[in-house]
Amino acid sequence: MENAIEVSNLVTYYGERKILKGITCSIPTGTTTVIVGGSGCGKTTLLKHLIGLLKPASGSIHIHGKDIATMDNASLDEYRKKMGVLFQGAALLNSMTLAENVALPLKEHTKLKAPVIDIIVRMKLDLVGLSGFGEFYPAELSGGMKKRAGIARAMAMDPVILFFDEPSAGLDPVTAAGLDELILRLHRVFKMTVVVVTHELPSIFAIADYVVMLDKGEVAFVGTLDDFKNSDKTIVRAFLERRPEEESYSPDNYFKIIAGS
Amino acid sequence: MKIDTVLHSDYTVVSIAGEIDMYSSPALRDMLLTLVKKNTATVIVNLKEVRYIDSSGIATFVEALKKMLAYKGKLKMAQVPDRLMEIFNFSKLDKVFEIYGSIEDAANS
Amino acid sequence: MPQIVERVLGSAGRKALSQLKDLHKAAVLINEVFYWTLVSPLRGKPPRIRATISEMVKTGYDSVLIVVVIGFFVGAILALQSAYQLRKFGAMLYVANLVGVAVTRELGPIITAIIVAGRSGSAFAAEIGSMKAQEEVDALLSMGINPVRFLVVPKLLALMVMQPALTTFFDVVGIFGGFALAVTLLDVNAASYINQTINALQVNDLVTGLVKAWAFSAIITITGAYQGFQVNAGAEEVGKRTTASVVMSIFFVIGFDLFFTALFYYFT
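Heads up: the protein sequence lines correspond to chains A, B and C, in order.
Using this note's numbering, the final residue of the first sequence is 1121, and nothing's skipped along the way.
Using this note's numbering, the final residue of the second sequence is 579, and nothing's skipped along the way.
Using this note's numbering, the final residue of the third sequence is 311, and nothing's skipped along the way.
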């Protein structure tokens, strides 16, 4: 199987703190890959690297064979035209209607005429179940609808890779399931590579073909969903069975911590 | 993308080859709109050689069809490859466009 | 003792480094603003015209009333203050000179700049800051749209047109304010006041004022944008950065004003 994304030895810092400690993993073309892990494991940071918002301190990120870590801005923008991102809060531009939001990348990057763009916008809004909401502003919509609109905008340029940052965050279970369903359906029809960052177990079981698990900035598991479910690694079991991590320090250490020296 | 137009007595065949994407679809639109301006009664689009169509291509056909319906013209698709058919099915466009197996079928219907 | 020295030097060094980092960020922003305003249009990527026009309405048209009212007040105050001294010399007519020159050369550009910094500079910082906090700036980047080109350039172009325009309004109304006060309360003859003003004012005065206004527009836009882009998360930070943008704009405007005024003084 060909790989859409190949990350090797990715290291990154926030200030002094090492966030990603040499991530190496690959994401096969045309699959739905889920990046999982507990809060603070670096999964959102990894996502930001994959969409070119952050530059790694060292390591490479090859997407369809090209290293985006060393790319200049012009080539990076070319790559970005071929991918779509749904941010955690949908990140629609609040000063624009939904239709204008979806039309934005088309207006900025193509020479398509207004009537064609209008039709594309209606197609994309229909795709995510928001027909007739084109004239609404983001502030007038519920969280779930905003995310759907965010997907419509991410899909505007017919991307080959679609990224989702915590799609179910802040949604009730029913709406979240509806969103998972939509992700699956889009993936089935358009056959693009989908990368989802999440920690919601129901989401993972519903959509993943392939799982990359991070723990404290390192790769803890890579493999198919079935391998993930059957893995006997402690860290994977703990995640799947929702067991908290063992407290590992002794009373002596505890005293040192609270005494503060 | 390459476009060939052949005028027949009572229909016009537009044969497209290659990829219809965001960058090439404006040319297709110009072509279809000239036919629309001449109030061409029947346009048959031969999609046999099309490897890929994106949203802008579909939107271009939708716009042309909308303009043709205004004067009761007909936009027919012929020899749609399976991959394209899937996309048409998904976007419910198989119900919107008249789709035929061959140019003859399209011309004779 | 060495510990104290170490601590003092250490904190000074850290402060200097962080200042240097801020300076670097500002330099990067300024560089990008100039690239997207001046260079990229030559390469076939023109600025967003419609956004520029809507910014012109927001920053210019909507500020006209406040600029006019304050201009009138300042003109009148200036006439009164100068009359207070000039009366002693029986040189009341020179109120016209003072008002005319002070308003066009100095008070017009600077008070307009302070009004614009308070109204529009703060709005730029708040808008960009809240977009940054809600990942909208990241979203623009991820769509391959440069946020500086998309957000800052229209504001800069709009202010570069509107700031001199507002300053001109201020000048005209300010002079009228001085005139209105002089002919009513100070019993100066209207015709001679007008004559005196025309004689006192030189094209140079107007031009230096407008050049300043033009430079201030760039300072206010870039400061507002800079503060906005510094926001990382949270509504609280947006508020802080908005306030900081106004204080910083006014500081830079007055600083540059001193610089320009000195420059004009020696080179004209």
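Even glycine gets a Cβ: it sits at the ideal position worked out from N, Cα and C.
Asked: Identify which residue in C:180, C:155, C:293, C:287 has its Cα closest to the Cα of residue 103 of chain C.; Found: C:155
Asked: By how many angstroms is the C-alpha of residue 76 of chain C removed from the C-alpha of residue 192 of chain C?; Found: 7 Å
Asked: Just list the residues that DSSP pairs residue 944 of chain A with in beta bridges.; Found: A:1022
Asked: Does the CB of residue 962 of chain A have a neighbour CB from chain B at under 8 Å?; Found: no
Asked: Three-state secondary structure (DSSP) at residue 1081 of chain A?; Found: strand
Asked: Name the residue from B:528, B:522, B:579 whose alpha carbon lies nearest to the alpha carbon of residue 499 of chain B.; Found: B:528
Asked: Return the chain-ordered list of same chain residues with a C-beta closer than 6 Å to the C-beta of residue 249 of chain C, the five sequence neighbours on each side being excluded.; Found: 147
Asked: Hey, how far is the Cα of residue 543 of chain B from the Cα of residue 946 of chain A?; Found: 41 Å
Asked: Considering only the alpha carbon of each residue, which of B:536, B:516, B:480, B:518 lies closest to residue 506 of chain B?; Found: B:536
Asked: Under 7 Å from any heavy atom of the ligand ZN, does the C-beta of residue 298 of chain C make it?; Found: Of ligands this structure carries none, so the ligand ZN is not represented either.
Asked: Using a threshold of 8 Å, state whether the C-beta atoms of residue 179 of chain C and residue 1039 of chain A are closer than that.; Found: no
Asked: Does the region 112-130 of chain C touch the region 215-228 of chain C, meaning 3 or more C-beta pairs lie closer than 8 Å?; Found: yes
Asked: Using a Cβ-Cβ cut-off of 8 Å, state whether residue 971 of chain A counts as contacting chain B.; Found: yes
Asked: Does the region 200-216 of chain C come into contact with the region 79-95 of chain C, if we say contact requires no fewer than three beta-carbon pairs (one atom in each stretch) closer than 8 Å?; Found: yes
Asked: Return yes when the Cβ of residue 872 of chain A is within less than 8 Å of the Cβ of residue 914 of chain A, no when it is not.; Found: yes
Asked: From the DSSP output, read off the bridge partner residues of residue 545 of chain B.; Found: B:513
Asked: Between the region 293-300 of chain C and the region 207-222 of chain C, do three or more beta carbon pairs fall short of 8 Å?; Found: no
Asked: With a threshold of 8 Å, are at least 3 pairs of Cβ atoms found where one atom belongs to the region 520-527 of chain B and the other to the region 480-499 of chain B?; Found: yes
Asked: Under 8 Å between C-beta atoms, does residue 182 of chain C make it to chain A?; Found: yes
Asked: Step through the CB atoms of chain A and report whether any lies within less than 8 Å of the CB of residue 187 of chain C.; Found: yes
Asked: Quick one: what does DSSP say residue 480 of chain B is sitting in, helix, strand or coil?; Found: coil
Asked: Determine, for residue 1019 of chain A, whether the minimum Cβ-Cβ distance to residues of chain C falls below 8 Å.; Found: no
Asked: So that I know if they touch, is there some Cβ in chain B lying closer than 8 Å to that of residue 980 of chain A?; Found: yes
Asked: Are the C-beta of residue 177 of chain C and some C-beta of chain A separated by less than 8 Å?; Found: yes
Asked: For a test of the three-state rule: what should DSSP assign to residue 866 of chain A, helix, strand or coil?; Found: strand
Asked: Give a yes or no on whether 8 Å exceeds the smallest Cβ distance from residue 941 of chain A to chain C.; Found: yes
Asked: Please state whether DSSP places residue 499 of chain B in a helix, a strand or coil.; Found: helix
Asked: For residue 1055 of chain A, would you say it is in contact with chain C, using Cβ-to-Cβ distances shorter than 8 Å as the test?; Found: no
Asked: Over the uninterrupted beta strand (DSSP E) stretch that includes residue 104 of chain C, give me the two end residues.; Found: That residue, residue 104 of chain C, is in no beta strand (DSSP E); it is neither H nor E in DSSP.
Asked: Given 8 Å as the limit, is there contact between the region 45-60 of chain C and the region 559-570 of chain B, that is, 3 or more CB pairs closer than that?; Found: no
Asked: Kindly indicate if chain A contains any beta-carbon less than 8 Å away from that of residue 484 of chain B.; Found: no
Asked: Reducing DSSP to helix, strand and coil, say where residue 87 of chain C ends up.; Found: coil
Asked: Who pairs with residue 487 of chain B in a beta bridge, going by DSSP?; Found: B:472, B:519
Asked: Who does residue 985 of chain A pair with in a DSSP beta bridge?; Found: Its beta-bridge partners do not exist; DSSP assigns none.
Asked: Which runs of the alpha helix (DSSP H) spanning at least 4 residues fall entirely within the region 1035-1072 of chain A, listed in chain order?; Found: 1061-1067
Asked: Counting only the same chain and skipping the five closest in sequence on each side, list residues whose C-beta sits under 6 Å from that of residue 23 of chain C.; Found: Outside the shown range of chain C (44 to 311) lies residue 23 of chain C, about which nothing can therefore be said.
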